[in-house]
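Worksheet: one structure, shown below.
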Amino acid sequence: MKTPVVTRFAPSPTGYLHIGGARTALFNWLYARGRGGKFLLRIEDTDRARSTPEATAAILKGLTWLGLDWDGEVVSQFDRAPRHAEVARDLLAKGRAYKCYATQDEIQAFRAQAEAEKRSTLYRSPWRDADPATHPDAPYVIRIMAPLDGETVIHDRVQGDVVIRNDQLDDMVMLRSDGTPVYMLAVVVDDHDMGVTHVIRGDDHLNNAARQMMIYQAMGWDVPVWAHIPLIHGPDGKKLSKRHGALGLEEYQAKGYPASGMRNYLTRLGWSHGDAEIFTDAEAQAWFDLDGIGRAPARLDFKKLDHVSGQHIARMADAALLREIAAFRATTGAPALSDLHEERLLAAMPYLKDRAKTFPELLEKARFALIDRPVGCDAKAQEMLDGVSRGILRELTPQLQNATWSRQNIEDATNRFAEDHGMKFARLAGPLRAALAGRTVTPSVFDMMLVLGQHETLARLGDAAEDKTGGA
RNA sequence: GGCCCGUUCGUCUAUCGGUUAGGACGUCAGGUUUUCAACCUGAAAAGAGGGGUUCAACUCCCCUACGGGCUGCCA
35 MKTPVVTRFA PSPTGYLHIG GARTALFNWL YARGRGGKFL LRIEDTDRAR
85 STPEATAAIL KGLTWLGLDW DGEVVSQFDR APRHAEVARD LLAKGRAYKC
135 YATQDEIQAF RAQAEAEKRS TLYRSPWRDA DPATHPDAPY VIRIMAPLDG
185 ETVIHDRVQG DVVIRNDQLD DMVMLRSDGT PVYMLAVVVD DHDMGVTHVI
235 RGDDHLNNAA RQMMIYQAMG WDVPVWAHIP LIHGPDGKKL SKRHGALGLE
285 EYQAKGYPAS GMRNYLTRLG WSHGDAEIFT DAEAQAWFDL DGIGRAPARL
335 DFKKLDHVSG QHIARMADAA LLREIAAFRA TTGAPALSDL HEERLLAAMP
385 YLKDRAKTFP ELLEKARFAL IDRPVGCDAK AQEMLDGVSR GILRELTPQL
435 QNATWSRQNI EDATNRFAED HGMKFARLAG PLRAALAGRT VTPSVFDMML
485 VLGQHETLAR LGDAAEDKTG GA
C-alpha cells in the first residue's frame, strides 16, 4: 500500500509572509492536494528573541488569503522542545551522541586560527572520545557523533543525487548548554513525529539535509523524500531583499491581484508543465510534480504577473469576481457598496473583466457605475462638453427616450441620429462619455448605457445638456 | 579557505543525443476600433567559454568563468 503524502510548510515567525516563502508553501500545498495527502503547518518559533505572535498571525493571514488551507492544528516548534531534548538524550543513551564541554571561547579561538591558516574550520571536539569519568561538573552541549568516513547521498527529487563526503560533516550540536534544542534537531524530530513524507523547501537547506540525515539514521527513522527548490530572486537576478520592494504577500493583496492569479503565477515561476501558462487550481494540482521544478533560481517578473492576473480576472465568474472585489475593497478600508452600485457593477462585469489586470484597475473602469449624479467631470471631460456638444446631447436625448432599452435599439437610434446630422459616431462618443461618466476614458458608451439603464442614462444626459454635471 | 548547487531569447520556460531549438510575458510592426484597454496577425530575440565522448551534442563527461548556498550553542 502506498503511504499517503504528507507535506509541510515551516516558516519562522520573524516577519510577514515572504513571497518566496509563499511559493514554497504553495508547492507543498499543490503536491499534497494533488495526491489526496495532507499539508501541515508548523511555526518554527524556537528563536525566542526574533519570533513574535504578530508574525505568526501575519503568516496565517497570508496563507489564508492565498487560499492555501492546512490540515490539523498549527504546530508550535517551541512547544515541542521537551520532546526534542528527549530525542537528544535518547541518542546519548544509544551512544550516538556525546556531551561536549568545550566552551564557546575555545571553539571560537579554534575557528579563528583555522581560518587564519586557511584550514577547514570544522570543529572536532576532544570530548567525543573522552572517558566519562573525566567529565567535569560544567555546562555541556550534546553533539551527535558524525560518521568519520564514507559519504552521505541526498536523493533529491529536484537536484538529483547529491554526494557529501562525511568528513565534511562535523559533530553538530543538537542540544544547547541551556537544554534547548537547536533547529537542526527540532526539524528532524518534528518532521518525523508529524509523519512528513516529503520535505519540499528552499535549496538553502540542501547541505543541511546531509546533517539532518545523520539524526534520522542514528534514530533509525525513515528519511523523507527531499525536494530542495531554488529560491526566487528579484527582477535584477539578485537575492530577494528589502530594496526589491513587494516582498510581502500582503503587498500583492493590497495591489489587487486575485489570489488565483497569484497562485498561477507563483506556480509557473520555476515550474512548468509543457506549454501550460494559464491554469486552474484543479489543473495545477493534477499536473504539479517535483520533476517539473527547475534547478536554477527564477526571477520575479511583475509584467507577467499582471498578465496572468488579468487572465484570471477575465475567466472568473461575474458573481465570484464581485465577491472578491468586495473583499478587496474591505481590505483597503473602502465603504461597502450600496445595493444599487453592486447591481450595476455586476451588470458591468462582462464589459470590464476582460480589460483589467487588477481589482483597482477594474474598479477605475467601473467608476461610471459606482457614482451618483451629478457625475462630476474632470477637466478633459468638461472641455468635451462645450456648447456645441451640449446642444447635440439635447437633441439626441429624445431619440433615446423613445427607444426600448436594448443594445440594438440604442445603437440604432444613436447611429441614425449621427447619420441624420451628417456626423460620425466618433463626434458623439466623446460628449456621451463625458456626460455618462465624467471622464474621457471609459468603457464603450453603449455598454455604459445598458448598465446604467434608461432612466439614469437620460438623467445624466440631461445634466450634461444643462451644464449641471459638476466639477471633478 | 573547504564543500555543495546552478548557467537555453531581456524574463519564465520546452527539449530528456538527431527539431528550421518550441511556447508564454515583454518589446517592435501591422490589424480591429468609440477613448483607454483588450483582442488578432507578424517580426526581432537564446544554448556562458573552452576541451572531450559520439556518425551526431543544448542534451553525457572534464576544466574555466560567473551566480548562489552551507560551513553557528541562527532558523
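Under the working numbering, the first residue of the first sequence is numbered 35, with each subsequent residue one higher. We put the CB at the ideal spot given by N, CA and C, even for glycine.
Reducing DSSP to helix, strand and coil, say where residue i ends up.
i: Thr41; result: strand
i: Pro170; result: coil
i: His455; result: coil
i: Ile234; result: strand
i: Met206; result: coil
i: Leu74; result: strand
i: Glu507; result: The chain is shown only over 35 to 506; residue 507 falls outside these bounds and no answer can be derived.
i: Arg378; result: helix
i: Thr491; result: helix
i: Gln442; result: helix
i: Asp79; result: coil
i: Val222; result: helix
i: Met418; result: helix
i: Thr476; result: coil
i: Thr448; result: helix
i: Gly464; result: helix
i: Pro408; result: coil
i: Ala244; result: helix
i: Ala390; result: coil
i: Thr58; result: helix
i: Leu156; result: coil
i: Asp113; result: helix
i: Met228; result: coil
i: Asp103; result: coil
i: Arg84; result: coil
i: Arg67; result: helix
i: Pro47; result: coil
Quick one: give me the first and last residue of the beta strand (DSSP E) that residue i is part of.
i: Gly194; result: Gly194 to Arg199
i: Thr186; result: Glu185 to Asp190
Who pairs with residue i in a beta bridge, going by DSSP?
i: Ala131; result: Ile178
i: Pro215; result: Leu209
i: His52; result: Gly282
Express the C-alpha separation of residue j and residue i in angstroms, rounding to a whole number.
i: Arg494; j: Met457; result: 22 Å
i: Asn443; j: Thr476; result: 21 Å
i: Pro38; j: Gln488; result: 60 Å
i: Lys133; j: Ala148; result: 23 Å
i: Ser46; j: Met247; result: 21 Å
i: Val175; j: Ala119; result: 11 Å
i: Pro394; j: Arg357; result: 14 Å
i: Asp190; j: Trp260; result: 5 Å
i: Ala400; j: Thr58; result: 36 Å
i: Lys338; j: Gln142; result: 48 Å
i: Gly290; j: Tyr385; result: 19 Å
i: Trp63; j: Phe144; result: 44 Å
i: Asp201; j: Val187; result: 13 Å
i: Gly308; j: Ile263; result: 19 Å
i: Ala293; j: Ala310; result: 19 Å
i: Asp256; j: Leu126; result: 20 Å
i: Asp165; j: Thr214; result: 25 Å
i: Ala83; j: Gly129; result: 33 Å
Following the continuous alpha helix (DSSP H) through residue i, name the residue where it begins and the one where it ends.
i: Glu107; result: Unbroken run through Glu107: none, as it is neither H nor E.
i: Gln142; result: Gln138 to Ala150
i: Ala164; result: Note, Ala164: premise wrong, no alpha helix (DSSP H); not H, not E.
i: Pro432; result: Gly421 to Gln435
i: Thr98; result: Pro87 to Leu100
i: Pro394; result: Phe393 to Lys399
Kindly provide the ranges of any beta strand (DSSP E) runs that are 3 or more residues long and lie completely inside the stretch 314 to 372, ordered along the chain.
-> none
Complete alpha helix (DSSP H) runs within the stretch 247 to 314 (minimum length 4 residues, chain order) | 283 to 289 and 293 to 302
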